[in-house]
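Report on the following structure.
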Amino acid sequence: MRNALSLLSIIAVLLFAGIAVAEDTDFYFEDEEGPVFYITLPDTWSGEWQETEELTALHAVPKDESLYISILAAANATPENIGNVADQIVSELVTDYNFEKWEERAINGIPLYVSESAAKIKDDGEETEIMVAYFTPKKGQTYILYAIGAKEDQNAHEKEINAIFGSLRTKE
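Count the sequence shown with mature numbering (1 follows the signal peptide of the UniProt record, and there is no 0) and you get residues -22 to -1, 1 to 150, in order.
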């Protein structure tokens, strides 16, 4: 009987661990005071941190890798120079884009300034769409979020994209 209970306990733990892996994953950017903001990726997406002396970024892609989302700390960004800062970042990935028009939006009380444009992938010239947003969840801390992907891929992942962007929040 004791062995049967132990085996059941092990199976229950393994099943629970399997379920936990299939859940959405929270990521957060932090400063010396703790988390600044959180964002959640669905279990069908993978996220990877990039940390260097100059950069802290979260890169995310769905399983089919058809889209790319990145969020990075942009210490030198201000409302006055955000176009230039965004240009420096995305010009490494795409060409033929135009970020002239910025719209103010909000997600969970966090103001964002968003610009969208058609573009071409720098490596192969493939047509794509790019969206750039900047936001300041905490005074003095600006972040840039950008998403790149063809319109049909955006449509295929629309529910997941909405969930990711809708999960942006300052408190856990």
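Note that the Cβ used here is the ideal one computed from N, Cα and C, for glycine as well.
Once the 5 residues before and after T73 are set aside, which same chain residues still bring their CB inside 6 Å of it? Apart from sequence neighbours up to five positions away, the residues of its chain that approach T73 with a beta-carbon distance below 6 Å are K98, K100, ordered along the chain.
Tell me the DSSP secondary structure of F77 in three-state form. Correct three-state label for F77: coil.
Tell me which residues share the same chain as S44 and place their Cβ nearer than 8 Å to its Cβ, disregarding the 5 neighbours each side in the sequence. Here the set comprises G127, A128, D131, A134, H135.
To test your reading of the DSSP string, which unbroken beta strand (DSSP E) runs of 3 or more residues are found completely within the region 6 to 30? Listed in chain order, the complete beta strand (DSSP E) runs (minimum 3 residues) inside the region 6 to 30 are 12 to 19, 23 to 29.
Enumerate in chain order the residues of its own chain whose CB-to-CB distance from I17 is below 6 Å, with the five nearest sequence positions on each side excluded. Within the same chain, I17 has close Cβ partners F5, S145, L146.
Rounded to the nearest angstrom, what separates E1 and D21 at their Cα positions? Computed Cα separation, rounded: 5 Å.
Report the option in Y91, N86, I85 whose CA atom is closest to the CA atom of E78. The residue with the shortest Cα to Cα distance from E78 is Y91.
Using the beta-carbon count (16 or more within 10 Å), is A53 buried or exposed? Counting Cβ neighbours within 10 Å, A53 comes out exposed, since fewer than 16 surround it.
Distance CB(E138)-CB(P13) smaller than 8 Å: 8 Å or more divides the Cβ of E138 from the Cβ of P13.
Would you kindly check if the distance between the Cβ of S48 and the Cβ of Y75 is under 8 Å? No, the pair does not count as a contact, with Cβ atoms beyond the cut-off.
Collapsed DSSP secondary structure at K117 in the structure displayed: In the structure shown, K117 sits in coil (DSSP, three-state: anything other than H, G, I, E or B).
For A51 versus F7, is the C-beta spacing smaller than 8 Å? Yes, these two residues count as a Cβ contact at 8 Å.
Three-state secondary structure assigned by DSSP to A38: In the three-state scheme derived from DSSP, where H, G and I count as helix and E and B as strand, A38 is classed as strand.
If I follow the unbroken beta strand (DSSP E) through E94, where does it start and stop? First-last of the beta strand (DSSP E) with E94: 88 to 99.
Which same chain residues end up closer than 6 Å to I60 when comparing Cβ atoms and leaving out the 5 residues on each side of it in sequence? Within the same chain, Y112 come within 6 Å of I60 by CB-CB distance, once the 5 residues on both sides are set aside.
Three-state secondary structure (DSSP) at E107? The three-state secondary structure of E107, taken from DSSP, is strand.
Express the C-alpha separation of H37 and R83 in angstroms, rounding to a whole number. If you draw a straight line from the Cα of R83 to the Cα of H37, it is about 22 Å long.
For a test of the three-state rule: what should DSSP assign to E43, helix, strand or coil? The answer is coil: DSSP assigns E43 none of H, G, I, E or B.
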